[in-house]
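Trainee:
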Amino acid sequence: MPASTSSTLLKCLISPFYIVLSNSILSTFNSLTFSVLRYPVPQRAETQGRSEEYLGRWIKRRKIPRDRIVLATKVAGPSGQMTWIRGGPKCLDSRNITDAIDSSLKRMQVDYIDLYQIHWPDRYVPMFGETEYDPTRQFCSVGIEEQLDALGRAVAAGKIRYIGVSNETPYGVMKFSQVADRVAHYPKIVSVQNSYNLLCRTFDAGIAECCHHEGISLLAYSPLAMGILSGKYFAADGGPVDARLNVFKGMYSEGESRYNLSNNIIKPAALEYLAIAKKYGLHPVSLATAFVLKHPLVASAIFGATKSWQLHEVLKACMIELTPEIIAEINNIHARIPNPCP
């Protein structure tokens, strides 16, 4: 996308962004969690950190009481290709973590971050649809001890309050917990942010047990499987031109792997879930979100709303109690078409 086009797109998005945030804070909820990525996606140099800037500007202009919101953001891991992020970090060491925290605080114009997360591990792990571990792809990585030490110093300084991980595996979750148990000033992770939805239930296969016994919550991202569970991509015209998988086709790693509609088992599974929503008079967005929120280990579902009606459907899902009959039908589909988007 040319820089001029990107700039125009961002200007058009600022107003809806503020409207959705304002509608959120005026809802009946006392607090909201905003997961602020270090850059909008797909990643580009000219938009890096923009979401944090927008959020900080909104908090300041609207004079939102700091205790009304829970701010969460992340530090990007090794990425030699994204040279615009701290020079293309080759590792997630103490210096990179400290620099990232300070930069996020400055962009959001706040004194502290409630939840600070490692966006992806500083080691090779299968991600975004990969299901098999290849030991030959492992590389020399920064020790978890150094990462926890840097995060612990940030907690002690009052810059962050809690820490979490993202795109992690059972091994990673347990390793962070074990290392933190050994040293008093190492903070324990309180959350793991992984994909979880009707089409991607990988979390239940291993990490769920780790989280249960370690007292760690799941922040479920992609509760709508990048919009697939709304049904919009199954229209004859392929869905709205401004839908994420259409706008950024070929530019979004997760959209090209985990949620690639050329996978011929995704559509049949999604259509069956859409049929359940229709049968019980539920909006597909509400059904998919309510399913995620009912999980006993889920603390919050992370969604990307660009329109107010999308926010309203998600908020409605918070009030929906899925009946045993609905859950049984969902699990029946999962048994026949298990985990089409691992």
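Per UniProt numbering, the sequence shown starts with residue 1, numbered consecutively.
We treat Cβ as the ideally placed atom computed from N, Cα and C, and that holds for glycine.
The model shown is predicted, which means the values in this text are computed figures rather than measured ones.
Name the residue from Thr47, Ala157, Gln178 whose alpha carbon lies nearest to the alpha carbon of cysteine 211.
Mentor: For the purposes of this step, residue 211 is taken as the residue at position 211 of the sequence shown. Considering only alpha carbons, the answer is Gln178.
Trainee: Leaving out five residues on either side along the sequence, give the residues of the same chain with a beta carbon under 8 Å from the beta carbon of valine 91.
Mentor: Reading the sequence shown from its first residue, position 91 is the one you call residue 91. One detail in the question is off: residue 91 reads as cysteine in this sequence, not valine. Around cysteine 91: Pro78, Asp122, Ser141, Val142.
Trainee: Quickly, what does DSSP pair glutamine 193 with across the bridge? List them, please.
Mentor: In the sequence shown, counting from the first residue as 1, residue 193 sits at position 193. Glutamine 193 pairs with Ser166, Leu219.
Trainee: Would you decide whether methionine 108 is buried or exposed? Buried here means 16 or more other CB atoms lie within 10 Å of its CB.
Mentor: Here residue 108 refers to the residue found at position 108 of the sequence shown. Per the 10 Å Cβ criterion, buried.
Trainee: Compare the Cα-Cα distances from leucine 215 to each of Ser222, Ile207, Leu198 and report the closest residue.
Mentor: Sequence index remark: in the sequence shown, residue 215 carries index 215 (1-based). Checking the displayed sequence, the identity of residue 215 turns out to be glycine instead of leucine. When only C-alpha atoms are compared, the closest one is Ile207.
Trainee: Would you mind sorting proline 338 into buried or exposed? The rule is 16 or more other CB atoms within 10 Å of its CB.
Mentor: Taking the first residue of the sequence shown as position 1, residue 338 is located at position 338. Exposed, since its Cβ has fewer than 16 Cβ neighbours within 10 Å.
Trainee: Pull up the distance between the alpha-carbon of valine 165 and that of proline 223, whole angstroms please.
Mentor: Along the sequence shown, one-based indexing puts residue 165 at 165. Along the sequence shown, one-based indexing puts residue 223 at 223. Whole-angstrom Cα-Cα distance: 18 Å.
Trainee: Who does cysteine 200 pair with in a DSSP beta bridge?
Mentor: Position 200 of the sequence shown holds residue 200. Paired residues: Asn197.
Trainee: Would isoleucine 302 pass as a contact of leucine 219 if the rule is Cβ separation under 8 Å?
Mentor: Against the sequence shown, residue 302 aligns to sequence position 302. Against the sequence shown, residue 219 aligns to sequence position 219. For isoleucine 302 and leucine 219, yes; Cβs fall inside 8 Å.
Trainee: How many Å lie between glutamate 329 and asparagine 197 at the Cα?
Mentor: If you number the sequence shown from 1, residue 329 lands on position 329. If you number the sequence shown from 1, residue 197 lands on position 197. Cα to Cα, the separation comes out at about 15 Å.
Trainee: For glycine 281, does the count of other Cβ atoms within 10 angstroms reach 16, so buried, or fall short, so exposed?
Mentor: Here residue 281 refers to the residue found at position 281 when the sequence shown is read from its first residue. Exposed is the call here.
Trainee: Would you kindly work out how many angstroms separate the C-alpha atoms of phenylalanine 248 and glutamate 146, rounded to a whole number?
Mentor: Translated into positions along the sequence shown, residue 248 becomes position 248. Translated into positions along the sequence shown, residue 146 becomes position 146. Answer to the nearest angstrom: the Cα atoms are 36 Å apart.
Trainee: On the criterion of 16 or more Cβ atoms from any shown chain inside 10 Å, does isoleucine 327 qualify as buried, or is it exposed?
Mentor: Your numbering for residue 327 matches position 327 in the sequence shown. With fewer than 16 Cβ atoms within 10 Å of its Cβ, isoleucine 327 is classed as exposed.
Trainee: Is the CB-CB distance between cysteine 200 and cysteine 341 below 8 Å?
Mentor: In the sequence shown, residue 200 corresponds to position 200, counting from 1. In the sequence shown, residue 341 corresponds to position 341, counting from 1. In contact: cysteine 200 and cysteine 341 (Cβ atoms closer than 8 Å).
Trainee: Lysine 63: buried (16+ other C-beta within 10 angstroms of its C-beta) or exposed?
Mentor: For the purposes of this step, residue 63 is identified with residue 63 of the sequence shown, where counting begins at 1. It counts as exposed.
Trainee: When the distance is taken between beta carbons, is serine 195 closer than 8 Å to valine 285?
Mentor: Counted from its first residue, the sequence shown places residue 285 at position 285. Counted from its first residue, the sequence shown places residue 195 at position 195. Contact flag unset, no.
Trainee: Using only the alpha-carbon positions, how far apart do serine 51 and arginine 61 sit?
Mentor: Walking along the sequence shown from the start, residue 51 turns up at place 51. Walking along the sequence shown from the start, residue 61 turns up at place 61. Taking the straight line joining both Cα atoms gives about 15 Å.
Trainee: Using the beta-carbon count (16 or more within 10 Å), is residue 352 buried or exposed?
Mentor: The structure shown does not extend to residue 352, since the chain is modelled only from 1 through 342, so no value can be given for it.
Trainee: For a quick check, are the C-beta atoms of residue 350 and valine 314 less than 8 Å apart?
Mentor: In this structure the chain extends from 1 to 342, so residue 350 is not present and cannot be described.
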